[in-house]
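**Student:** Quick one: this structure, given as structure tokens, is what I'll be asking you about.
2 protein chains.
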Amino acid sequence: MGLLVVGSVAIDSIETPFGSVKDALGGSAIYISVAASYFTAPVRLVAVVGGDFPREHIRFLESRDIDVDGLQIVREGKTFRWGGRYHYDLNMRDSLYTELNVFEKFNPVVPSAYKNSAYVCLGNIDPTLQRQVLGRLGKPRLVVGDTMNYWIEHKPKELAETIKLMDVLVVNESEARLLTQEPNLIKAAKQIIKTGPRIVIIKKGEHGAVLVTEQTIFSAPAYPLENINDPTGAGDAFAGGFIGWLARTDDLSAENLKRAVVYGSTLASFCVEKFSVDGMKDLTYLQIQDRYRSFMQLSRFDER
Amino acid sequence: MGLLVVGSVAIDSIETPFGSVKDALGGSAIYISVAASYFTAPVRLVAVVGGDFPREHIRFLESRDIDVDGLQIVREGKTFRWGGRYHYDLNMRDSLYTELNVFEKFNPVVPSAYKNSAYVCLGNIDPTLQRQVLGRLGKPRLVVGDTMNYWIEHKPKELAETIKLMDVLVVNESEARLLTQEPNLIKAAKQIIKTGPRIVIIKKGEHGAVLVTEQTIFSAPAYPLENINDPTGAGDAFAGGFIGWLARTDDLSAENLKRAVVYGSTLASFCVEKFSVDGMKDLTYLQIQDRYRSFMQLSRFDER
């Protein structure tokens, strides 16, 4: 089948009240690919880094069976760098710096071997680039896309054109509201559905996620973690787990979409337990299954 | 068994972007009692109103089999009045006025016929009064209590003494965080459990509710309503549906507590569809069962 992931690759420095990391692996394409790699292989990564990108990170990606043929290395450039600090309430963070570096002129080249990819995940990058990637592919079975406030505010037209081409839009609460000017999340999701995607997933962080289609609504809880160390990448890990499961099963039925949402939530829950991608570094499939079942326990009730 | 409800009875004037009501029935004890009345009868109401309290409201309470023997009428006084205006984002509201009137000197007298009540719901009033009510009762099987930011900030010691006596504390997200100074909701709930209640329910509005005990966590979704007209009383309707179901079934098992949370969410979802208590005025038990099943649909997923 083949899953293609495009997005950013970054070197992150992150501080939270519970610790910090310096020069750690980050970026939307990384979190998506690593999460998806637990379900399908190889994951085809389209992204760009500079000559400073540590070899150990490449080796890690390869160890997860992530195909780096589409990872451009601009020898004379520097990798995208981001620094952030989270508040005691982890829902709030400040960006300390954002150095786009080679990411600023990213031209996503799709290796010819990737063009038949059936599953495509467009991580959060300029919507024009997301659309370019789609233009360079055959006819994927499913396109999942993410975006962020910045593009909603600064490139609304380009974003609308790109969203039209997505099957699934994955956004967080504030993005859904900003995109539609509608505070009611269900109404917001249904408005988005009218503009193209047939599925909208709204990520609500500690409140879980909601999947909305024309016919169904599915509400998944968040895993009740007491020890969250670093929320960075949770949304991308969600998207990666979601599309990874779908690529593995190649089943787009309503029931399987629900399972995919829970697998997405599962990977996101592992992600935030540690810094950077450490929470998803060496999970076993059994651990993932166990947590999936815990999600069932968490939300199941019966009739009487 | 007998369910006793104590709290405020008010005359509310409410504006939302979708309409308004003037001089409508409101107050925590009202929303709790009306919601509970769909499960158990009679509901014993302990509260106070003034001589201006409309007879039609009394008739409505009686029509719902709510016992008003414990409803003090201070002939020369005026009923508690509240006016509020909600923003387009219904999560935000401004209080326009709060006239305590007879509520300011409320001394909850418990009729002797009520003293054997097995189920007690302490609506949001001064924690000293909540404790007084408990002191005037026998040994209830279950005490459910609510509170609000005001008491957490202004009467923390009295509140702590009262919370100690509750089996179930029902609070919203911000109250849980304020009470514990802990942003992580699961940790906050577990901290509260150490101070007395063996069950903590955190209401999260449009994100549902979480029930936390020493052993279990249960996450219930919110019903995905597209048309919310008036959020007033949703939390009280939740508490009423919750304790009403428990009083009806007299079963405090973990599985039945989960059902009670969903019945609470069910009543809250009906409550917010209309203004004041209109959404809970003439439901049928079949409607309630249907919505309970919709909650199951909404959150159910399987394994593969």
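Residue numbers (my numbering), protein chains in the order written: chain E, 1004 to 1307; chain A, 1004 to 1307. In this text, a Cβ means the ideal position worked out from N, Cα and C, and glycines have one as well. Fair warning: this is a prediction, and the values are worked out from it, not measured in the lab.
Within 10 Å of its beta-carbon, does A/Tyr-1091 have 16 or more other beta-carbons around it, so buried, or fewer, so exposed?
**Tutor:** Exposed, since its Cβ has fewer than 16 Cβ neighbours within 10 Å.
**Student:** Within 10 Å of its beta-carbon, does E/Asn-1110 have 16 or more other beta-carbons around it, so buried, or fewer, so exposed?
**Tutor:** It counts as exposed.
**Student:** Quick one: residues in its chain with C-beta nearer than 6 Å to the C-beta of E/Val-1024, no 5 flanking neighbours on either side, listed in chain order?
**Tutor:** Here the set comprises Ile-1017, Phe-1278 and Ser-1279.
**Student:** Name the chain E residues that come within less than 8 Å of A/His-1210, Cβ to Cβ?
**Tutor:** Lys-1207, His-1210 and Gly-1211, listed in chain order.
**Student:** State the beta-bridge partners of E/Ala-1212 as determined by DSSP.
**Tutor:** Beta-bridge pairing links E/Ala-1212 to E/Lys-1206 and E/Ala-1223.
**Student:** Chain E partners of A/Val-1265, CB-CB under 8 Å?
**Tutor:** Phe-1304, listed in chain order.
**Student:** Which runs of the alpha helix (DSSP H) fall wholly inside the stretch 1139 to 1198 of chain A and span at least 4 residues, in chain order?
**Tutor:** Runs of the alpha helix (DSSP H) inside the stretch 1139 to 1198 of chain A: 1152 to 1157, 1159 to 1166, 1176 to 1183 and 1188 to 1197.
**Student:** State the start and end residues of the unbroken beta strand (DSSP E) segment that holds E/Glu-1102.
**Tutor:** Looking at the DSSP string, the run of the beta strand (DSSP E) that includes E/Glu-1102 is 1096 to 1102.
**Student:** Just to confirm, are E/Asn-1259 and E/Leu-1249 a CB contact at a threshold of 9 Å?
**Tutor:** Their beta carbons are under 9 Å apart, which means E/Asn-1259 touches E/Leu-1249 by this criterion.
**Student:** Between E/Ser-1222 and chain A, is there a C-beta pair that is closer than 9 Å?
**Tutor:** True, the Cβ-Cβ gap to chain A drops below 9 Å.
**Student:** Using 8 Å for Cβ pairs, my map puts E/Tyr-1266 next to E/Gly-1238. What's the rounded Cβ distance?
**Tutor:** Their Cβ separation, rounded to whole angstroms, is 15 Å, which puts E/Tyr-1266 and E/Gly-1238 out of contact at 8 Å.
**Student:** For A/Arg-1088 and A/Ile-1035, I'd like the C-alpha separation in whole angstroms.
**Tutor:** One C-alpha to the other measures close to 22 Å.
**Student:** In the structure shown, what three-state DSSP assignment does E/Arg-1088 receive?
**Tutor:** Residue state, collapsed to three classes: strand.
**Student:** For A/Lys-1118, which three-state DSSP category applies?
**Tutor:** Three-state result, A/Lys-1118: coil.
**Student:** Would you check if the distance between the CB atom of A/Tyr-1295 and the CB atom of E/Glu-1209 is smaller than 9 Å?
**Tutor:** No.
**Student:** What separation, rounded to the nearest whole angstrom, lies between the Cα atoms of A/Arg-1084 and A/Glu-1102?
**Tutor:** Computed Cα separation, rounded: 5 Å.
**Student:** Here's a check: name, in chain order, each residue in its chain whose Cβ is nearer than 6 Å to the Cβ of E/Ser-1302, leaving out the five neighbours to either side.
**Tutor:** If we look at E/Ser-1302 and ignore the five residues flanking it on each side, its Cβ neighbours are Pro-1224.
**Student:** May I have the straight-line CA-CA distance separating A/Asn-1175 from A/Val-1203, to the nearest angstrom?
**Tutor:** Between A/Asn-1175 and A/Val-1203, the C-alpha separation is close to 10 Å.
**Student:** Please name the residues in the stretch 1085 to 1101 of chain A whose beta-carbon is closer than 8 Å to at least one beta-carbon of chain E, in chain order.
**Tutor:** For the stretch 1085 to 1101 of chain A, which is checked against every Cβ of chain E, the residues closer than 8 Å are Tyr-1091, Asp-1092, Leu-1093 and Asn-1094.
**Student:** Residues bridged to E/Val-1049 by DSSP?
**Tutor:** According to DSSP, E/Val-1049 bridges with E/Val-1009.
**Student:** Could you tell me which of A/Ser-1066, A/Arg-1062 and A/Val-1051 sits nearest to A/Val-1076, measuring between CA atoms?
**Tutor:** In the sequence under discussion, the amino acid at residue 1076 of chain A is Ile, which differs from the Val named in the question. Here the closest residue by C-alpha is A/Val-1051.
**Student:** Residues in the same chain with beta-carbon distance under 6 Å from E/Gly-1141, minus the five sequence neighbours each way, listed in chain order, please.
**Tutor:** Excluding sequence neighbours, E/Gly-1141 sits near Lys-1118 and Asn-1119.
**Student:** If contact means a Cβ-Cβ distance below 7 Å, which residues of the stretch 1175 to 1196 of chain A contact chain E?
**Tutor:** Answer set for the stretch 1175 to 1196 of chain A: Pro-1186, Asn-1187, Leu-1188, Ile-1189 and Lys-1190.
**Student:** Reducing DSSP to helix, strand and coil, say where E/Gln-1218 ends up.
**Tutor:** Coil at E/Gln-1218, not helix or strand.
**Student:** Against chain A, which members of the stretch 1255 to 1287 of chain E pass a CB distance test of less than 8 Å?
**Tutor:** Per Cβ criterion, the list reads Glu-1258, Asn-1259, Lys-1261, Arg-1262, Val-1264 and Val-1265.
**Student:** Measuring alpha carbon to alpha carbon, tell me which of A/Leu-1228, A/Thr-1216 and A/Lys-1190 ends up nearest A/Leu-1093.
**Tutor:** With distances taken between Cα atoms, A/Leu-1093 lies closest to A/Leu-1228.
**Student:** What are the residues in the stretch 1224 to 1246 of chain E lying within 8 Å of chain A by C-beta distance?
**Tutor:** The stretch 1224 to 1246 of chain E vs chain A, Cβ under 8 Å: Pro-1224, Ala-1225, Pro-1227, Leu-1228, Glu-1229 and Ile-1231.
**Student:** Considering only residues of the same chain and omitting the five flanking positions on each side of A/Leu-987, which have a CB-CB separation below 7 Å?
**Tutor:** With chain A running from 1004 to 1307 in the structure shown, residue 987 of chain A is simply not present.
**Student:** Tell me, to the nearest whole angstrom, how far the beta carbon of E/Arg-1201 is from that of E/Asp-1233; I am working on the premise that it is less than 8 Å.
**Tutor:** Not a contact, Cβ separation roughly 33 Å.
**Student:** Consider the C-beta atom of A/Pro-1143 and the heavy atoms of the ligand MN; say whether any pair is separated by less than 8 Å.
**Tutor:** Within the structure as shown, the ligand MN is missing, as the structure has no ligands at all.
**Student:** So which residues on chain E does A/Leu-1301 lean against when the C-beta distance must stay under 8 Å?
**Tutor:** Going along chain E in sequence order, the residues near A/Leu-1301 (Cβ under 8 Å) are Ile-1220, Phe-1221 and Ser-1222.
**Student:** Using alpha carbons as the reference points, say which of E/Ile-1014, E/Gly-1138, E/Ile-1128 and E/Leu-1074 lies closest to E/Met-1151.
**Tutor:** Checked all of E/Ile-1014, E/Gly-1138, E/Ile-1128 and E/Leu-1074; the closest Cα to E/Met-1151 is E/Ile-1128.
**Student:** According to DSSP, is A/Gly-1022 helix, strand or coil?
**Tutor:** A/Gly-1022 falls in the strand class under three-state DSSP.
**Student:** Looking only at DSSP bridge pairs, what is E/Gln-1133 linked to?
**Tutor:** In DSSP, E/Gln-1133 forms no bridge with anything.
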